[in-house]
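For reference, the structure discussed in these notes is given below.
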Amino acid sequence: MKAIFFFLIFSIINSAQTISNTRLETIVKLLVSNSPEISKYVSSDEFEISNRFGISYEGIDNKFFIANEFPKIDRSIKYNYKIESVDDDDYSLLTISISAKNTSKEYYLKDSSIISKPFFYSRDWKTKESEHFKFFISDEKLFNHYSINQLESFITKMFDVLKFSKDQINLIKQKKIYYYLCKDENEIQKVTGFATRGMYILAQDYVVTTYNTHYHELEHFLINFKLKRLPLYTHPFLQEGLAVAFGGRGGLTVNTILETGIFIIESGFADYTELLNRNNFLNTDASISYPVSGLYTDFLIKQIGVDGFIGLYKKYSASNNLSKIDVIDKSLLPSDEKWKSFVNSLSNSNPIKLAENIDLNNFEPIIKNDSFEIYSNDEEYFPDL
């Protein structure tokens, strides 16, 4: 076995710590080298939580550190680290920096073992449980039983849509979906490390959100749980299309997003074929790409069924060599005639209409884009071109 050496380690310890220098230096070396051995230094409780559903990703040794791991680096790389107490002596924050890579990572520790940011920040939050969920609630005033019932109804519906087995359903009942409800966008950025309204954290299978009912992120979890063993990346046209088709987006309902998709297609602002290219999708404003991909996914599943869609989803997923999922082969999809017929069948009932002599001060903007804006008053939708 080759030895790996790292140089120029600076250790700064502020305040009293329960962790020994030897253990700390071992943790740092294993983190920087992204060694599978680092799992031995993760909190046993949270490590078990992270693996409770048996979801794993091809080519990923350390699931717990997905999105917070160091990239592959030269064996002689220089780095430094510091550790400081936070809250009390049971918790500490470890920061590792590699100046040559202009990168820095933070890791929380409890009693000398690594924990996730959601685990740390939710330590004093209220918890509630339902049939399939365990809720971590920052502010109880922002949550209610109606939201729980809505989430349970959604999950039950998706069990049927995605054809979950009894064993799969029972496992979710037993292990629970962990749902972290943050009070605002500032708090969720602290909890996740990202500026977002909500996200599904692959590392621990947590849904962290500012929305009481974030179906979109739940859909990301459900498809990964369905597949169990999968590549880390999926073409976003299929990945986000599925989440939009059944979960809406950004607090907007499925119907609102899909109706927006119809308007975008009919107005010529975008066509689904452009978004089959992965880079095009990623470079297109989400207010266009998400409604269109959601609408097309709704159509696609109605044409080829859930099993056919999942087969396509797996075909256009990869952990390495993302070039092989750059473009979805259009010949694998239903004909354009069927697509146009589907759009036409929905267009007459589409409530989105052009605004003429309308006082938009009485409407709330729900989608803003450089090309158009859509306003709603809960009864009608008007695009402002």
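If you read the sequence shown in this note's numbering, its first letter stands for residue 74, the second for the next number, and so on.
Where a beta carbon is used, it is the ideal one built from N, C-alpha and C, also for glycine.
Check	Outcome
Which term fits I297, buried or exposed, when burial requires 16 or more other beta carbons within 10 angstroms of its beta carbon?	It should be noted that the sequence gives Asn, not Ile, for residue 297. By the 10 Å Cβ count, N297 comes out buried.
Would you report the Cα separation of L406 and L373, rounded to the nearest angstrom?	8 angstroms
Using the Cβ count rule (16 or more neighbours within 10 Å means buried), how would you classify P144?	exposed
On a Cα-Cα basis, can you pick out the residue from Y284, I335 and K299 that is closest to G323?	Y284
Can we count F143 as close to the ligand FMN, meaning its CB is less than 8 angstroms from some heavy atom?	Annotation note on the ligand FMN: not contained in the displayed structure, which lists no ligands.
Report the CB separation of F126 from D278 in whole angstroms; it is logged as a contact under 8 angstroms.	6 angstroms
How many angstroms separate the CA atom of A276 from the CA atom of L182?	16 angstroms
Can you grab the Cα-Cα spacing for the pair K51 / L166, in whole Å?	No statement about residue 51 is possible, as the shown extent of the chain runs from 74 to 458 and does not include it.
Kindly list the residues whose CB is nearer than 7 angstroms to the CB of S93, restricted to its own chain and excluding five residues on each side of it in sequence; keep chain order.	none
To the nearest angstrom, how far is it from the Cα of Y273 to the Cα of Y288?	11 angstroms
Between D240, E332 and L368, which has its C-alpha nearest Y345's C-alpha?	L368
If I follow the unbroken alpha helix (DSSP H) through K413, where does it start and stop?	D409 to S420
Is it a yes or a no for the region 217-227 touching the region 256-272, going by three-plus beta-carbon pairs under 8 angstroms?	no
Beta-carbon separation of I188 and K199 under 9 angstroms?	no
Where F206 and A359 are concerned, what is the direct C-alpha to C-alpha distance, given to the nearest angstrom?	29 angstroms
With distance defined between alpha-carbon atoms, name the residue in N243, L300 and F354 nearest to E131.	L300
Secondary structure at D344, three-state DSSP: helix, strand or coil?	coil
Could you tell me if A173 is buried or exposed, where buried requires 16 or more neighbouring beta carbons within 10 angstroms of its beta carbon?	exposed
Can you have a look at L458 and say buried or exposed, based on whether 16 or more other CB atoms are within 10 angstroms of its CB?	Only weak support is given to the placement of L458: the predicted model assigns it a pLDDT of 41, under 50, and the value that follows is read from those uncertain coordinates. Exposed, because fewer than 16 other Cβ atoms sit within 10 Å of the Cβ of L458.
Does the beta-carbon of P309 have 16 or more other beta-carbons within 10 angstroms, so that it is buried, or is it exposed?	buried
From N430 to V365, what does the alpha carbon distance come to, in whole angstroms?	Residue placement at N430 is poorly supported in this model, since its pLDDT is 49, which falls under 50; the coordinates still yield a value, given next. Using only the alpha carbons, I get a separation of about 28 angstroms.
Identify the continuous beta strand (DSSP E) that holds I296 and give its terminal residues.	I296 -> not in any beta strand (DSSP E); alpha helix (DSSP H) instead, spanning Y288 to L300.
If you drop the 5 nearest sequence neighbours on each side, which residues of the same chain put their C-beta closer than 8 angstroms to that of T99?	Y114
At 4 residues or longer, and completely inside the region 232-297: list those alpha helix (DSSP H) runs for me, N to C.	239-248 and 258-265
DSSP three-state call for F193: helix, strand or coil?	helix
How far does the beta strand (DSSP E) with S117 in it reach, from first residue to last?	Counting along the chain, S117 falls outside any beta strand (DSSP E), though it belongs to the alpha helix (DSSP H) covering S117 to S123.
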